[in-house]
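Only one structure is covered here, and it is reproduced in the block below.
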Amino acid sequence: MVRLSRLAGIVGLVSLFLVSCSEKSNEWDPYYSWDTRNALWFEEIADSARLAIAKAKAQYGEEWEKHCQWRMYKSLQRSADIPGLTTDSIVCKIVERGEGIQEVNFTDYVLLHYRGWLMPSEYVTQNAAIKETKSVVFDQSYYGDFNPKTAVPATMYVGGTIEGFQTALQYMVEGDKWYVYIPSDLGYGNEQSNSIPAYSTLRFLLNLVGVYKDIDDVPDWK
Numbered sequence: 019m020v021r022l023s024r025l026a027g028i029v030g031l032v033s034l035f036l037v038s039c040s041e042k043s044n045e046w047d048p049y050y051s052w053d054t055r056n057a058l059w060f061e062e063i064a065d066s067a068r069l070a071i072a073k074a075k076a077q078y079g080e081e082w083e084k085h086c087q088w089r090m091y092k093s094l095q096r097s098a099d100i101p102g103l104t105t106d107s108i109v110c111k112i113v114e115r116g117e118g119i120q121e122v123n124f125t126d127y128v129l130l131h132y133r134g135w136l137m138p139s140e141y142v143t144q145n146a147a148i149k150e151t152k153s154v155v156f157d158q159s160y161y162g163d164f165n166p167k168t169a170v171p172a173t174m175y176v177g178g179t180i181e182g183f184q185t186a187l188q189y190m191v192e193g194d195k196w197y198v199y200i201p202s203d204l205g206y207g208n209e210q211s212n213s214i215p216a217y218s219t220l221r222f223l224l225n226l227v228g229v230y231k232d233i234d235d236v237p238d239w240k
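In my numbering, the protein residues as written are 19 to 240.
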């Protein structure tokens, strides 16, 4: 079980079709040069965000946030006064803006829908005849297409999630729906976590449903 939160109700993990990399046996490893490729992928995403933000600031000035979907947030566990690396930050793309006003704190509990993917990579079909580029889902709170009428949100303690995840939550308000890109430095780093390989950049789609100060305040979902 992916330890995003001790309280998260994990619906299920997607099994990965793993093969070892061997040119002699013609087997294919979708995780070749995984650390390098993930680092480059995150840099590309960060560059796209920086470019979009710069254009919005140049065109709209102090009103830029109203006209730009992209955000970059430095981890709240790292000093804001000391210049850091790109991988000290997460990248977020706003899909829908919520109308909530309550800020999320480190000690809060949240209800949210989520799905998490690894970076796109080539995977061999079971008959070993075709390579298919896809982003594998490693964790989710719902199956199939999201249906707000049937999907049950997960309960999480913000402080119990990985560094990049908790940073994203603390910038969100109820009703927000974001794509969040988390570099491995703010995720699981050089350690494998179940179906998440070491050095993985993580992509999440988060939909924040509610914010609560105490676990006893979290309502039963029906």
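Even glycine gets a Cβ: it sits at the ideal position worked out from N, Cα and C.
On a predicted model such as this, the values are computed, not experimentally measured, just so you know.
Residue j beta carbon less than 9 Å from that of residue i
{"i": "residue 164", "j": "residue 133", "result": "yes"}
{"i": "residue 186", "j": "residue 86", "result": "no"}
{"i": "residue 176", "j": "residue 123", "result": "yes"}
{"i": "residue 127", "j": "residue 231", "result": "yes"}
{"i": "residue 189", "j": "residue 222", "result": "no"}
{"i": "residue 241", "j": "residue 88", "result": "Lying before the first or after the last residue shown, residue 241 is absent from the chain, which here runs from 19 to 240."}
Local conformation of residue i per DSSP, three classes
{"i": "residue 165", "result": "coil"}
{"i": "residue 224", "result": "strand"}
{"i": "residue 182", "result": "helix"}
{"i": "residue 154", "result": "coil"}
{"i": "residue 176", "result": "helix"}
{"i": "residue 204", "result": "helix"}
{"i": "residue 136", "result": "coil"}
{"i": "residue 119", "result": "coil"}
Buried or exposed (CB count within 10 angstroms, at least 16 for buried), residue i
{"i": "residue 17", "result": "For the chain, the structure presents residues 19 to 240; residue 17 sits outside this window and is missing."}
{"i": "residue 136", "result": "buried"}
{"i": "residue 65", "result": "exposed"}
{"i": "residue 194", "result": "buried"}
{"i": "residue 214", "result": "buried"}
{"i": "residue 49", "result": "buried"}
{"i": "residue 139", "result": "buried"}
Beta-carbon proximity list for residue i, same chain, < 6 Å, skipping 5 on both sides
{"i": "residue 191", "result": "116, 118"}
{"i": "residue 209", "result": "216"}
{"i": "residue 59", "result": "137, 219"}
{"i": "residue 180", "result": "205"}
Residues near residue i by beta carbon distance below 8 Å, same chain, minus five either side
{"i": "residue 218", "result": "52, 56, 136, 137, 202, 205, 206"}
{"i": "residue 106", "result": "92, 93, 96, 203, 204"}
Close beta carbons around residue i, own chain, < 7 Å, minus the five adjacent residues each side
{"i": "residue 171", "result": "129, 130, 131, 159, 227, 239"}
Subject >> 3 or more residues per run - each beta strand (DSSP E) lying fully within the stretch 34 to 113 >> reply: 88 to 92
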